[in-house]
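The sequence shown lines up with residues 1 to 264 when you count with the working numbering. The structure under discussion appears below in the form of structure tokens.
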Amino acid sequence: NPNLSLLYGGGGTGSSAVLYAVALFLCSIIDGIAQEKHKYQAYQSGIVVRAATVNAIYDHMLQLSAEGKQNLLSGEATNLVAIDSQKLFEVLQEGHLIWSCPLSMVIVTILLLLTLGKATLVGMVSMILMVPFVKMVVTNMMSIRRKRARYTDKRVEVTSSMLQAIRFCKLNHYEEKFVGRVNEARKAEMYWVRRELSMFGWTMSITVLTPVIASALTFITYSLMEGGKVLTSSQTFTTLLLFFSLALSYQLCWEVDWKGSAGY
């Protein structure tokens with residue numbers, strides 16, 4: 001914003017622009033180092049949690065009695081170890097967003113108010129109005145995921161049974177029967193997978209369109225409130241950048257919510 005103001009208004013000196021550019025460069029370096037450090041620590045934490053979860057699952061299964069193993073499917077155990085533990089690993093990769101996203105939203109909101117004043121409140125209200133709709137979509141996605149998990153367990157159970165009895169299947173020519181059972185289970189599973197992905201697509205579409213609508217409403221409101229006052233390049237580009245930053249924080253919140261629901 002200061003550099004654009006210098007270019008647009010012609011005020012200030014070239015040394016001021018150089019100082020702002022150097023400051024931005026240094027901030028980018030610090031941000032990159034901090035991001036990579038966080039990724040490393042989050043990765044290490046995820047590995048520890050995933051290993052502990054897998055260990056707890058196997059320890060619990062080994063201590064089950066004969067009655068307790070009657071209703072336990074091998075597909076369910078395989079999904080717990082291979083898929084569900086991985087979901088916990090993914091949640092820990094972005095778990096810090098639970099506190100950092102609200103903080104970044106507050107900072108961006110203050111910067112928007114300092115840039116265009118009260119006109120930005122219209123854009124922010126339009127973004128907030130999308131929250132209940134996205135929350136409803138995420139809730140439906142969680143319900144669909146629970147239903148899909150049952151069909152996934154069934155498919156893995158059939159596949160595991162076929163592989164464990166592969167010699168029996170080959171000797172008796174049961175390959176086609178097992179393949180038919182696997183395809184049938186996969187077909188039922190794909191119905192819920194498509195519904196889940198369609199819900200996720202709606203969420204991403206809303207996330208992409210929200211900053212565009214908010215920016216347009218803000219610029220219209222600013223022109224009406226200021227009596228047709230022309231926006232400067234520094235105000236326009238700064239507002240667009242801040243709105244997209246705000247939308248990114250919203251998007252990250254939905255991703256954390258989605259991954260949290262998957263881990264749950």
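All C-beta atoms in this analysis are idealised placements derived from N, C-alpha and C, irrespective of residue type, glycine included. Keep in mind the model is a prediction, meaning the values are calculated, not measured.
Simplified DSSP state of residue i, which is helix, strand or coil
| i | result |
| --- | --- |
| Y279 | What the structure shows of the chain is the stretch from 1 to 264, and residue 279 is not part of that stretch, so it cannot be assessed. |
| L62 | helix |
| L92 | helix |
| E184 | helix |
| E196 | helix |
| A51 | helix |
| V256 | helix |
| E36 | helix |
| M190 | helix |
| E67 | coil |
| N3 | Because the pLDDT of N3 is 49, which lies under 50, any placement of that residue in the model is unreliable, and the question is left without a value. |
CB of residue i within 9 Å of CB of residue j, strictly
| i | j | result |
| --- | --- | --- |
| L246 | P211 | yes |
| V267 | C101 | The requested residue 267 does not occur in the structure, where the chain is confined to residues 1 to 264. |
| M141 | T203 | yes |
| I144 | R186 | no |
| M124 | L111 | no |
| I57 | S85 | yes |
| H38 | H96 | yes |
| T207 | Y174 | no |
Nearest-angstrom beta carbon gap, residue j and residue i [assumed within contact, 8 Å]
| i | j | result |
| --- | --- | --- |
| M199 | F178 | Not a contact, Cβ separation roughly 32 Å. |
| A214 | M105 | A214 to M105, Cβ: 13 Å. No contact. |
| V49 | L88 | 6 Å |
| E189 | T152 | 6 Å |
| R148 | V193 | 6 Å |
| R155 | V131 | Rounded, the Cβ-Cβ distance is 35 Å, inconsistent with contact. |
| L217 | V158 | Between V158 and L217 the Cβ distance is about 53 Å, and since that is not below 8 Å, they are no contact. |
Cβ of residue i within 9 Å of any chain E Cβ
| i | result |
| --- | --- |
| Y250 | You won't find chain E in this structure, because it holds only one protein chain. |
Problem set entry | Sufficient close CB pairs (3 or more, under 8 Å) joining the region 30-42 to the region 83-97 | yes
For this session: Determine contact between the region 116-128 and the region 220-227, defined as no fewer than three beta-carbon pairs at a distance below 8 Å.
Result: yes
For this session: Report the residue ranges of all beta strand (DSSP E) runs contained in full by the region 192-253; include only those spanning at least 3 residues, in chain order.
Result: none
Exercise. Between the region 176-194 and the region 152-166, are three or more C-beta pairs nearer than 8 Å?
Worked result: yes
Exercise. Hey, is the region 135-148 in contact with the region 231-249, meaning 3+ C-beta pairs nearer than 8 Å?
Worked result: no
For this session: Run through the region 115-164 for me and flag every whole alpha helix (DSSP H) of 4 or more residues, listed as ranges in chain order.
Result: 120-128, 131-164
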